[in-house]
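Undergrad: In this text, residue positions in the sequence shown follow full-length UniProt numbering: the first is 1, and each later residue adds one.
All C-beta atoms, glycine included, are put in the ideal place defined by N, C-alpha and C.
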Amino acid sequence: MEGEAELWGFLEHHLKSIYEGDYATYAATTHPELSLYEWFVTPHRLDGLDFHRFMVEKRWATRGKPYRIDLLERRLQRYGEVAIFSYTLLLTLEEEGGLRHQAVNESRVAVRFPEGWKVVHVHKSPAG
């Protein structure tokens, strides 16, 4: 059974794929029946991977600029083959005028399948 460090490593690998524009890794670490709520996109649930393919490949989150992500107030809840990650994601972007910070509260639910861990649900809400 994976320890806490390995599970956080999985999540960081998953998140890095989003910010680096690596759709192959994103798809490999995300279940095809993903459900998610992203308040800044739509007030409705989004299902599946198709919506994110364009966003990930175009590096929408960073617009291709240098970035740093920090996970603050991390909490991991483990129930057998299910892991619930909750944290505040702090994204720092390098822009012409200096650094810009964005924060969002996130929960990601991952399930261990025979081929490995996959994110099955994401919920984001404003931080602050």
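Taking the alpha carbon of L71 as the point to measure from, which residue in H123, V104 and E95 has its own alpha carbon closest?
TA: Of H123, V104 and E95, the residue nearest in Cα terms is V104.
Undergrad: With DSSP as the reference, label G116 as helix, strand or coil.
TA: Looking at G116 - three-state DSSP - the assignment turns out to be strand.
Undergrad: Could I get the ranges of all uninterrupted alpha helix (DSSP H) runs contained in the stretch 29 to 107, with 4 residues as the minimum, in chain order?
TA: List check, alpha helix (DSSP H) in window: 50 to 57.
Undergrad: Identify which residue in L7, T30, W39 and L49 has its Cα closest to the Cα of A127.
TA: The option with the nearest alpha carbon to A127 is W39.
Undergrad: Using three-state DSSP, classify A5 as helix, strand or coil.
TA: Here A5 sits in helix by DSSP.
Undergrad: Just the C-alpha distance for V82 and M55, rounded to the nearest angstrom, thanks.
TA: Each residue's alpha carbon lies about 27 Å from the other.
Undergrad: Can at least three beta-carbon pairs, one atom from the stretch 113 to 122 and one from the stretch 88 to 98, be found at a separation below 8 Å?
TA: No, they do not touch.
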